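What follows is a single structure, written as structure tokens, with notes after it.
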């Protein structure tokens, strides 16, 4: 199982990521025709989603293995 220390390591990344996404959201509200902003915004959102998805799968798989070995 993932330890609390391992999960806490993602908290600073999460907080900074939410702030960055908020900035991108505001930037595209100001200039919605700027394609580079949309690309960067989408790229960051995709990377964060992929990271979170991998973490969830890793924690779930680790927990499943722990249950099977009981």
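Numbering (the working numbering), first residue to last: 489 to 558. No residue lacks a Cβ here, since even glycine has one placed at the ideal position from N, Cα and C. Quantities reported herein were computed from a predicted structural model and do not represent experimental measurements.
Spatial neighbours of residue 503 in its own chain (CB-CB distance under 7 angstroms, excluding positions within 5 residues in sequence) are not present.
Apart from sequence neighbours up to five positions away, no residue of its chain approaches residue 543 with a beta-carbon distance below 6 angstroms. When secondary structure is reduced to three states using DSSP, residue 519 falls in the coil class, being assigned neither helix nor strand.
When the beta-carbon positions are compared, residue 536 and residue 512 stay at least 8 angstroms from each other. Nearest to residue 506 by alpha-carbon distance, out of 549, 527, 534, is 534.
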